[in-house]
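Asks: Supplied in structure tokens, the structure appears directly below.
In full-length UniProt numbering, the protein residues as written are 1 to 68.
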């Protein structure tokens, strides 16, 4: 799990535009949903938290459409 998160963060640091960040986050979360079970539940919750945080803290319209 730590390896996935480290790679996610490293890739995220090279993105400069919001659509790139949204797509990267969406792919990351969809990979956990594909595993199903508690990973899928965690991904759905994390998506909701990310959307809320980016919208409230940065004022951006942040959309992630995860396949649940």
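All C-beta atoms in this analysis are idealised placements derived from N, C-alpha and C, irrespective of residue type, glycine included.
Taking the continuous alpha helix (DSSP H) assigned at residue 54, which residues delimit it?
Replies: Walking along the chain shown from the start, residue 54 turns up at place 54. First-last for residue 54: undefined, no H or E at that position.
Asks: Quick check on this structure: which residue in 18, 23 and 66 has the alpha carbon closest to the alpha carbon of residue 48?
Replies: The residue given as residue 48 occupies position 48 in the chain shown. The shortest Cα separation from residue 48 among 18, 23 and 66 belongs to 66.
Asks: Just to confirm, are residue 28 and residue 8 a CB contact at a threshold of 7 Å?
Replies: Translated into the one-based positions of the chain shown, residue 28 becomes position 28. Translated into the one-based positions of the chain shown, residue 8 becomes position 8. Taking 7 Å as the Cβ cut-off, residue 28 and residue 8 qualify as a contacting pair.
Asks: Report all residues from its chain with a CB closer than 7 Å to the CB of residue 64; omit the five preceding and five following residues, and keep chain order.
Replies: Reading the chain shown from its first residue, position 64 is the one you call residue 64. Closer than 7 Å at Cβ, skipping near neighbours: 22, 25, 26, 29, 47, 50 and 51.
Asks: From residue 62 to residue 37, what does the alpha carbon distance come to, in whole angstroms?
Replies: Counting from 1 along the chain shown, the entry for residue 62 is found at position 62. Counting from 1 along the chain shown, the entry for residue 37 is found at position 37. Answer to the nearest angstrom: the Cα atoms are 25 Å apart.
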